[in-house]
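Residue numbers (my numbering): 74 to 146. Note sheet for the following structure.
Structure follows, in C-alpha coordinates:
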(Lines of atoms letter the chains of each structure in order from A and count residues from 1; the text may use other names and numbers.)
(Lines give C-alpha, C1' and ligand atoms only; values in the text may rest on other atoms or scores of the structure.)
Protein backbone atom coordinates (compact mmCIF):
# COMPACT_ATOMS: atom_id res chain seq x y z
CA UNK A 1 0.00 0.00 0.00
CA UNK A 2 1.57 3.32 -1.05
CA UNK A 3 2.21 6.08 1.49
CA UNK A 4 1.92 9.75 0.71
CA UNK A 5 3.20 12.66 2.78
CA UNK A 6 1.10 15.78 3.24
CA UNK A 7 1.06 18.86 5.39
CA UNK A 8 -1.18 19.23 8.39
CA UNK A 9 -3.20 21.87 6.49
CA UNK A 10 -3.94 19.47 3.63
CA UNK A 11 -4.80 16.65 6.02
CA UNK A 12 -7.22 18.93 7.89
CA UNK A 13 -8.75 20.14 4.60
CA UNK A 14 -9.48 16.52 3.67
CA UNK A 15 -11.02 15.91 7.10
CA UNK A 16 -13.18 19.04 6.75
CA UNK A 17 -14.32 18.09 3.25
CA UNK A 18 -15.38 14.61 4.34
CA UNK A 19 -19.09 13.93 4.44
CA UNK A 20 -19.87 11.95 7.56
CA UNK A 21 -17.33 10.77 10.09
CA UNK A 22 -13.64 11.16 9.18
CA UNK A 23 -11.62 8.06 10.09
CA UNK A 24 -7.98 9.04 10.41
CA UNK A 25 -5.60 6.51 8.90
CA UNK A 26 -2.57 8.80 8.80
CA UNK A 27 0.36 8.92 11.17
CA UNK A 28 1.53 12.35 12.28
CA UNK A 29 5.29 12.78 11.98
CA UNK A 30 7.65 14.79 14.19
CA UNK A 31 7.88 17.50 11.50
CA UNK A 32 4.04 17.98 11.62
CA UNK A 33 3.48 16.25 8.27
CA UNK A 34 1.29 13.18 7.88
CA UNK A 35 2.10 9.83 6.31
CA UNK A 36 -1.13 8.46 4.91
CA UNK A 37 -1.58 4.98 3.43
CA UNK A 38 -3.71 4.94 0.29
CA UNK A 39 -5.05 2.18 -1.91
CA UNK A 40 -3.15 1.36 -5.09
CA UNK A 41 -6.04 2.49 -7.31
CA UNK A 42 -6.08 5.87 -5.52
CA UNK A 43 -2.34 6.20 -6.07
CA UNK A 44 -2.79 5.33 -9.75
CA UNK A 45 -5.50 8.00 -10.08
CA UNK A 46 -3.30 10.63 -8.38
CA UNK A 47 -0.49 9.74 -10.76
CA UNK A 48 -2.84 9.89 -13.76
CA UNK A 49 -4.02 13.44 -13.03
CA UNK A 50 -0.60 14.75 -11.92
CA UNK A 51 0.67 17.75 -13.88
CA UNK A 52 4.39 18.06 -14.65
CA UNK A 53 6.32 19.03 -11.51
CA UNK A 54 3.44 18.46 -9.08
CA UNK A 55 3.97 16.70 -5.78
CA UNK A 56 1.42 14.30 -4.30
CA UNK A 57 0.21 17.11 -2.05
CA UNK A 58 -0.13 19.51 -5.00
CA UNK A 59 -2.38 17.01 -6.79
CA UNK A 60 -4.50 16.44 -3.69
CA UNK A 61 -4.90 20.18 -3.06
CA UNK A 62 -5.88 20.75 -6.68
CA UNK A 63 -8.42 17.92 -6.53
CA UNK A 64 -9.88 19.35 -3.31
CA UNK A 65 -10.22 22.79 -4.88
CA UNK A 66 -11.97 21.30 -7.90
CA UNK A 67 -14.31 19.16 -5.82
CA UNK A 68 -15.20 22.12 -3.62
CA UNK A 69 -15.62 24.28 -6.73
CA UNK A 70 -12.89 26.74 -5.79
CA UNK A 71 -10.20 28.10 -8.03
CA UNK A 72 -6.79 26.58 -7.30
CA UNK A 73 -4.29 29.08 -5.92
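All C-beta atoms in this analysis are idealised placements derived from N, C-alpha and C, irrespective of residue type, glycine included.
- Following the DSSP letters along the chain, one finds residue 77 inside the beta strand (DSSP E) bounded by residues 76–79.
- C-alpha of residue 116 to C-alpha of residue 94: approximately 23 Å in a straight line.
- Taking the CA atoms as reference points, residue 92 sits about 26 Å from residue 102.
- For residue 137, the uninterrupted alpha helix (DSSP H) segment begins and ends at 129–140.
- Less than 8 Å divides the Cβ of residue 79 from the Cβ of residue 130.
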